[in-house]
Amino acid sequence: MCPNCKQNTFSIWDKMTMAPLKPKKCKNCGALIKPKFLPFLFSLIISQIFMIFTILFILKLLSPLGLSFIWTISLSVVLGVILSSLVWIKLHTKFIPLKVVQD
Ligand SMILES: [Zn+2]
Numbered sequence: 001m002c003p004n005c006k007q008n009t010f011s012i013w014d015k016m017t018m019a020p021l022k023p024k025k026c027k028n029c030g031a032l033i034k035p036k037f038l039p040f041l042f043s044l045i046i047s048q049i050f051m052i053f054t055i056l057f058i059l060k061l062l063s064p065l066g067l068s069f070i071w072t073i074s075l076s077v078v079l080g081v082i083l084s085s086l087v088w089i090k091l092h093t094k095f096i097p098l099k100v101v102q103d
């Protein structure tokens, strides 16, 4: 939601590609909007940590299956990246406050 005109002008994709150094223009009021830096950083760090733990967890889960080493590693990494991206998208679109860029 745009903090300036309170309209829902930002799609999930807009929010995902928005960064503190890369503000986006609101389609409705034209204000430049960016995410607040610290919450942005926290969600990035949390999802990175989540990714590492997910990969380790899936590795542990897959190891008794007797798959080859390469398969075990690649499956864990792929699943870990997908799951942590979902968490990151959720965190990013739900909890990161947006603010108007003042110039
Ligand atoms: Zn707006």
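Heads up: the sequence shown at position 73 corresponds to 73 in the working numbering, and the numbers run straight through without jumps.
Where is the CB? At the ideal position from N, CA and C, for every residue including glycine.
All of these numbers come straight from a predicted model, not from anything done at the bench.
query                                                                                                                                              : result
Tell me the residue span of the alpha helix (DSSP H) that contains Val81.                                                                          : Phe69 to Phe95
Please check if any C-beta of chain C sits within less than 8 Å of the C-beta of Phe42.                                                            : This model lacks chain C altogether; it includes just one protein chain.
Since Ala19 and Pro3 should fall inside the 8 Å C-beta cutoff, what is the C-beta to C-beta distance between them, to a whole number of angstroms? : Wrong, their Cβ atoms sit about 16 Å apart, outside the cutoff.
Quick check on the burial criterion: 16 or more other C-beta atoms within 10 angstroms. Buried or exposed for Phe69?                               : exposed
Would you kindly work out how many angstroms separate the C-alpha atoms of Val81 and Phe40, rounded to a whole number?                             : 19 Å
Please report the straight-line C-alpha distance between Leu21 and Ile52, rounded to a whole angstrom.                                             : 26 Å
Rank Phe10, Gln7 and Met16 by C-alpha distance to the C-alpha of His92 and give the top, closest one.                                              : Met16
Excluding sequence positions up to five away, which residues of its chain have a Cβ less than 7 Å from the Cβ of Thr9?                             : Cys2, Cys26, Lys27 and Asn28
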